[in-house]
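Asker: Take this structure, written in structure tokens, and hold onto it; I'll ask about it next.
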Amino acid sequence: MHRLGHLQAALPAELLELETWLPWLALPRGNGRTGKVPALPKAGTLRPIDCRGAGVTLEAAHDLARRHQAGGIGIVLAPDMGLTVLDLDAPLTLAAQALLRDVAGYAERSPGGGVHVWLGGSVPRNRRHLGIEMLGHGFVTVTGAALSGRGRALGTLGSVPEQLGSAPPDSPRALAPTLADREVLLRLFAAANGARARALFERGDWAGLGYCSPSEADLAAVRMLRFYCTDPEQLARLMQGTALCRAKWGQGDYLARTIRHALNLGGPVWCVPAG
Numbered sequence: 046m047h048r049l050g051h052l053q054a055a056l057p058a059e060l061l062e063l064e065t066w067l068p069w070l071a072l073p074r075g076n077g078r079t080g081k082v083p084a085l086p087k088a089g090t091l092r093p094i095d096c097r098g099a100g101v102t103l104e105a106a107h108d109l110a111r112r113h114q115a116g117g118i119g120i121v122l123a124p125d126m127g128l129t130v131l132d133l134d135a136p137l138t139l140a141a142q143a144l145l146r147d148v149a150g151y152a153e154r155s156p157g158g159g160v161h162v163w164l165g166g167s168v169p170r171n172r173r174h175l176g177i178e179m180l181g182h183g184f185v186t187v188t189g190a191a192l193s194g195r196g197r198a199l200g201t202l203g204s205v206p207e208q209l210g211s212a213p214p215d216s217p218r219a220l221a222p223t224l225a226d227r228e229v230l231l232r233l234f235a236a237a238n239g240a241r242a243r244a245l246f247e248r249g250d251w252a253g254l255g256y257c258s259p260s261e262a263d264l265a266a267v268r269m270l271r272f273y274c275t276d277p278e279q280l281a282r283l284m285q286g287t288a289l290c291r292a293k294w295g296q297g298d299y300l301a302r303t304i305r306h307a308l309n310l311g312g313p314v315w316c317v318p319a320g
């Protein structure tokens, strides 16, 4: 982690003024990768937290990270902050290289070796396409490892969403075949993301998997199930049987709203193999 003075000299002024900074812990994910999980001290030790609405000044976060030997620091983004980050995976795809070339603005190396480009402007939701993620909310790491020749000013969101494009929308009537609850789980746990699903469903390990909050993990869990099951009642029943289940689910229509949101996002569904 760079010294505080280096960060103050390298980062855009808009980031220095924020009070949504947090240290992060490097925790193993179920998929074998390492998650950068926002944290704050509890009983003298950094503990993963629900980062929504949380945060301190840069100076305070840097001091906490240094004293508790955290992995680094980052910023909690919210839709009303007027900030967007382009998270370009390593190795950079051709689309990411073109975006980095065409879009001005402060850019730095991320802890995973990719690139974060900081822009002024808001997006209604996070999007991912071709190794590029456009982030308007959630936790984003900051390293201060600036790319040369780009300066420290924020870029402008402008037409970036249009440049990214999007996959063709799925029909809202696209339905997964009807499977028994047990078969849904068996197929999910045997899939490529099965280890991650087990950690989420059987241990409720949302922090270790890198989710910013239990609510974000709830939505991710429903999205995993949705590939094999698109019936709201079955989704609710399956979710109630997971280790994620907590008191909040019984308050109002929280779980129903989460399921509706997951279904409205669309996406491919499992189909019975031909033959």
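The C-terminal position of the sequence shown is numbered 320 in our numbering, with every residue numbered one higher than the one before it. Glycine is no exception: its CB is placed at the ideal position from the N, C-alpha and C atoms. Please read these numbers as outputs of a predicted model, since none were measured by experiment.
Which runs of the alpha helix (DSSP H) at least 4 residues long sit entirely within the segment 263-312? Give them in chain order.
Answerer: 277-285, 299-309
Asker: Contact check, glycine 165 vs threonine 201 under 8 Å by CB: the rounded distance?
Answerer: As a first step, residue 165 is located in the sequence shown; it is residue number 120 there, counting from the start. As a first step, residue 201 is located in the sequence shown; it is residue number 156 there, counting from the start. That belief holds up - the Cβ atoms of glycine 165 and threonine 201 are roughly 6 Å apart, short of 8 Å.
Asker: Determine the DSSP secondary structure at leucine 230, reduced to helix, strand or coil.
Answerer: Start at 1 with the first residue of the sequence shown, and residue 230 comes out as number 185. In this structure, leucine 230 counts as helix in the three-state DSSP scheme.
Asker: Whose C-beta lies closer than 7 Å to the C-beta of glutamate 64 among residues of the same chain, with five residues either side of it excluded?
Answerer: The sequence position of residue 64 within the sequence shown is 19, counting from 1. Once the five neighbours on either side are set aside, the close Cβ partners of glutamate 64 are Gly100, Val101, Thr102.
Asker: Note the first and the last residue of the continuous beta strand (DSSP E) segment covering histidine 161.
Answerer: By one-based count along the sequence shown, residue 161 stands at place 116. Its beta strand (DSSP E) spans residues 160-165.
Asker: Leaving out the 5 sequence neighbours to the left and right, which residues in its chain are closer than 6 Å to phenylalanine 184 when beta-carbon positions are compared?
Answerer: For the purposes of this step, residue 184 is identified with residue 139 of the sequence shown, where counting begins at 1. Around phenylalanine 184: Pro83, Cys96, Gly119, Val121, Cys257.
Asker: Figure out for me which residue from Ala115, Leu128, Glu261 has the closest Cα to the Cα of serine 167.
Answerer: Taking the sequence shown and counting its residues from 1, one reaches residue 167 at position 122. Checked all of Ala115, Leu128, Glu261; the closest Cα to serine 167 is Leu128.
Asker: Rounded to the nearest angstrom, how far is the Cβ of leucine 245 from that of leucine 289, given a contact under 8 Å?
Answerer: Counting from one through the sequence shown, the residue named residue 245 turns up at place 200. Counting from one through the sequence shown, the residue named residue 289 turns up at place 244. Between leucine 289 and leucine 245 the Cβ distance is about 7 Å, and since that is below 8 Å, they are a contact.
Asker: Mind listing, in chain order, the continuous beta strand (DSSP E) runs of no fewer than 3 residues lying wholly within the segment 143-205?
Answerer: If we require 3 residues or more, the beta strand (DSSP E) runs fully inside the segment 143-205 come out as 152-154, 160-165, 172-174, 177-180, 183-187.
Asker: Between the segment 137-146 and the segment 80-94, are three or more C-beta pairs nearer than 8 Å?
Answerer: no
Asker: What's the C-alpha gap between aspartate 108 and arginine 173?
Answerer: Translated into the one-based positions of the sequence shown, residue 108 becomes position 63. Translated into the one-based positions of the sequence shown, residue 173 becomes position 128. Those two C-alpha atoms are separated by around 33 Å.
Asker: Of the choices Leu224, His306, Phe272, whose alpha-carbon is the least far from that of glycine 239?
Answerer: If you number the sequence shown from 1, residue 239 lands on position 194. Of the listed residues, the one whose Cα sits closest to glycine 239 is Phe272.
Asker: Would you kindly work out how many angstroms separate the C-alpha atoms of arginine 305 and aspartate 250, rounded to a whole number?
Answerer: Reading the sequence shown from its first residue, position 260 is the one you call residue 305. Reading the sequence shown from its first residue, position 205 is the one you call residue 250. Cα to Cα, arginine 305 sits roughly 23 Å from aspartate 250.
Asker: Less than 6 Å between C-beta atoms, sequence neighbours within five positions excluded: which residues of the same chain meet that for alanine 152?
Answerer: Your numbering for residue 152 matches position 107 in the sequence shown. Cβ neighbours of alanine 152 beyond the five flanking positions: Val160, Val162, Leu192, Arg195.
Asker: Give a yes or no on whether the C-beta atoms belonging to leucine 180 and aspartate 132 are separated by under 7 Å.
Answerer: What you label residue 180 is simply residue 135 of the sequence shown in a count that begins at 1. What you label residue 132 is simply residue 87 of the sequence shown in a count that begins at 1. Remark: C-beta atoms of leucine 180 and aspartate 132 approach each other more closely than 7 Å.
Asker: Please look up how many angstroms separate the CB atoms of threonine 275 and leucine 308, rounded, as I've assumed it's under 8 Å.
Answerer: On the sequence shown, residue 275 is found 230 positions in, with the first residue counted as 1. On the sequence shown, residue 308 is found 263 positions in, with the first residue counted as 1. At roughly 6 Å, the Cβ-Cβ gap stays under 8 Å, so threonine 275 and leucine 308 are in contact.
Asker: Would you call the CB atoms of threonine 186 and glycine 117 closer than 7 Å?
Answerer: One-based indexing of the sequence shown puts residue 186 at position 141. One-based indexing of the sequence shown puts residue 117 at position 72. Yes; because the gap between Cβ atoms is below 7 Å, this pair is in contact.
Asker: For a test of the three-state rule: what should DSSP assign to aspartate 132, helix, strand or coil?
Answerer: The residue you call residue 132 lines up with position 87 of the sequence shown. In this structure, aspartate 132 counts as strand in the three-state DSSP scheme.
Asker: Give the DSSP-derived three-state secondary structure of alanine 88 in the structure shown.
Answerer: Walking along the sequence shown from the start, residue 88 turns up at place 43. Alanine 88 falls in the coil class under three-state DSSP.
Asker: Would arginine 241 be called buried (16 or more neighbouring beta carbons within 10 Å of its own) or exposed?
Answerer: Locating residue 241 in the sequence shown gives position 196, counting from the first residue. It counts as buried.
Asker: In the DSSP assignment, find the unbroken beta strand (DSSP E) run with alanine 71 in it and report its ends.
Answerer: Here residue 71 corresponds to residue number 26 of the sequence shown, with the count starting at 1. It spans 66-73 - the beta strand (DSSP E) in which alanine 71 sits, taken as one unbroken run.
Asker: With a threshold of 16 other CB atoms inside 10 Å of the CB of glycine 98, please say whether the residue is buried or exposed.
Answerer: Taking the first residue of the sequence shown as position 1, residue 98 is located at position 53. Glycine 98 comes out exposed.
Asker: Using 7 Å as the threshold, is the C-beta distance between glycine 189 and threonine 138 below it?
Answerer: For the purposes of this step, residue 189 is taken as residue 144 along the sequence shown, with counting starting at 1. For the purposes of this step, residue 138 is taken as residue 93 along the sequence shown, with counting starting at 1. Between glycine 189 and threonine 138, the C-beta gap is not smaller than 7 Å, which leaves the two residues out of contact.
Asker: Applying the 10 Å Cβ sphere with the 16-neighbour rule, what's the burial state of glycine 50?
Answerer: Position 5 of the sequence shown, counted from the start, is the residue given in the question as residue 50. It is exposed - the Cβ of glycine 50 has fewer than 16 other Cβ atoms within 10 Å.
Asker: List the residues that DSSP assigns as beta-bridge partners of leucine 122.
Answerer: Position 77 of the sequence shown, counted from the first residue, corresponds to residue 122. Answer by DSSP bridge pairing, in chain order: Gly183.
Asker: Just to confirm my understanding: we take glutamate 247, look at its own chain, exclude 5 residues before and 5 after, and list those with CB closer than 7 Å. What are they?
Answerer: Reading the sequence shown from its first residue, position 202 is the one you call residue 247. Excluding positions up to five away in sequence, the list reads Ala288.
Asker: List the residues that DSSP assigns as beta-bridge partners of valine 314.
Answerer: Position 269 of the sequence shown, counted from the first residue, corresponds to residue 314. The partner list for valine 314 (beta bridge, DSSP) is empty, contrary to what the question assumes.
Asker: State the DSSP-derived secondary structure class of glutamate 59, mapped to helix, strand or coil.
Answerer: Here residue 59 corresponds to residue number 14 of the sequence shown, with the count starting at 1. Three-state DSSP puts glutamate 59 in a helix.
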